[in-house]
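In what follows, a structure is listed as structure tokens, so that the remarks can point back to it.
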Amino acid sequence: MDFKKLATKYGTPCFVYDFDNIIKKYNDIKNIFKARKSLVCYAVKANSNLSLLKHLNTAGAGADCVSVGEIRRAILAGIKPYRIIFSGVGKKDDEIEYALQHDILFINIESSQELARVEQVAKELGKVARISVRINPDINPKTHSYISTGLHENKFGVDIDEAKRLYIYAKNSPHLEPIGVHMHIGSQLTQLQPIKEAVNIVANLVRNLQALKIDIKFFDVGGGLAIRYTDEKLIDIHDYGQMILEELHGLDVTIVTEPGRYIVGDSGYLLTKVLYEKANDSKRFVIVDGAMNDLIRPSLYQATHRIEVYDKADEKSLCTVVGPICESGDFFAKDISLPSTARDDIVVIHDTGAYGYTMSSNYNSRGKAVQVAVQDGDDRCIGAAETFDDMIKLDLEYMGE
Ligand code: LLP
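For reference, each letter of the sequence shown is one residue, going 2 to 402 in the numbering used here.
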């Protein structure tokens, strides 16, 4: 891609998404389950741009949503409600109501109190809520603690015994229909074994439920497949698929997956422009026009993203790449080797398609970045840069004279 041309045309900071690669990655996952009924519910939280959702919809993707906002985005982008599922530990009544009124595929239940709320809302609407229970299998997924979700010390899901109680309760309720099981043990997973152990535990639960005449039709294995940011050893996607097919042997269920990062992560680039270089003592800083409000992953998770100065082959030396925000946590990379830079050089931050724009903010009153799609060699804007007027509109009218 000609990042210089794109940066000049759209301005910086700018997220660029490779729409062709996104479909390739979606198809990778769809194909590993082609021997079975399956539904790939893309995790909207990774990147919720409407054009991107529309693009995935044309390939046949469903959506895994964690708020009413995400459900509304998915529906707006054309994803059919019967391909939408709703997860999350803290669903509010209005969110449950919206999900039920739009007849989405199922709601993932994360506690007994939540099940009671869903039952109550369904009753008030005169509906039957299709549900699945999120099982917390108490397995260590061996990833960053902030994105590990399958241990009892994490807030997610319920243990197996509680799950059984919830399924029996749901089976006996006229307003609940238990149709699925759900698990998701963490994100950026690089080891197959913990996922296998979790799938095994949940598959045994499904067999127990069948014995209780509770007919589970959907087995949701969650998301979490890692991408390569630096030198991570990745799970082979075919091994992943094969493992799931083997663990689910004999179960007549539709396999649901919720990949986010795997589908969009390595299709995104954050383009920023060099403003200045400076040295404090012997420490070299490259100051760019993007910042932690655009991409918070390095600051929040100590995440490493590959960084290059576009089209520059000068001699390299160690530097720290920082943004203009007023705190030392505002960096993209520390002590990496880059060529010497000049004003307006383009610095490309790789693998920013997932949890980049969706985690961006207005910190320091900086508008959110422009978003661009590249497809079949053509580029187009799929999200304008946020203006000053956009940013102030919610509090401007309350300011008074
Ligand atoms: N399903 C559930 C229930 C989830 O909580 C998540 C991610 C996914 C699916 C998708 O996971 P993925 O396939 O993308 O790994 N902001 C963090 C990642 C947070 C993940 C939260 N849940 C980051 O930038 O690394």
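All residues carry an ideal CB built from backbone N, CA and C; glycine is no exception.
Asked	Found
Are the CB atoms of T359 and V41 nearer to each other than 8 Å?	no
Restricting to Cα atoms, I'd like to know which of I105, N281, V375 is closest to H56.	V375
Report buried or exposed for E402, applying the criterion of at least 16 other Cβ atoms within 10 angstroms of its Cβ.	exposed
Quick one: grab the DSSP three-state call for Q372.	strand
Given this structure, state the Cα-to-Cα distance separating K345 from H103, to the nearest angstrom.	The sequence given here has Asp at residue 345, not Lys. D345 and H103: Cα-Cα distance of roughly 48 Å.
Please report the Cβ distance between V222 and I245, rounded to the nearest whole angstrom; I am assuming they are in contact, meaning their Cβ atoms lie under 8 Å.	6 Å
Near A100, which residues of its chain fall below 7 Å by C-beta distance, leaving aside the five closest residues on each side in sequence?	I72, F87, I108
Can you tell me which of the three DSSP states F4 falls into?	helix
Tell me, please, which residues DSSP counts as bridged to N32.	Its beta-bridge partners do not exist; DSSP assigns none.
Count the other C-beta atoms from every protein chain shown that fall within 10 angstroms of the C-beta of P260, then say buried if there are 16 or more, exposed otherwise.	buried
Tell me, please, whether the CB atom of T150 is closer than 8 Å to any CB atom in chain B?	Chain labels in this structure do not include chain B; a single protein chain is all it has.
Tell me the rounded alpha-carbon separation between F34 and G242.	6 Å
Can you list, in chain order, the stretches of the beta strand (DSSP E) that have 3 or more residues and sit fully within the stretch 301 to 376?	308 to 310, 317 to 323, 332 to 340, 347 to 351, 371 to 376
CA-CA distance, V371 and V348?	16 Å
How is H145 classed by DSSP in three states: helix, strand or coil?	coil
What does the alpha-carbon distance come out to for the pair Y263 and G187?	13 Å
Grab the span of the alpha helix (DSSP H) containing F389 for me, first residue to last.	389 to 397
Quick check: the stretch 326 to 345 against the stretch 21 to 36, are at least 3 beta-carbon pairs closer than 8 Å?	no
Exposed or buried, which one is H153 when buried takes at least 16 other CB atoms within 10 Å?	exposed
Checking 8 Å against the spacing of the C-beta atoms, do R84 and G63 come in under that value?	yes
Pop quiz: E120 and H183 are said to be a contact at Cβ under 8 Å. What is the actual Cβ separation, rounded to whole angstroms?	About 18 Å; that fails the 8 Å criterion.
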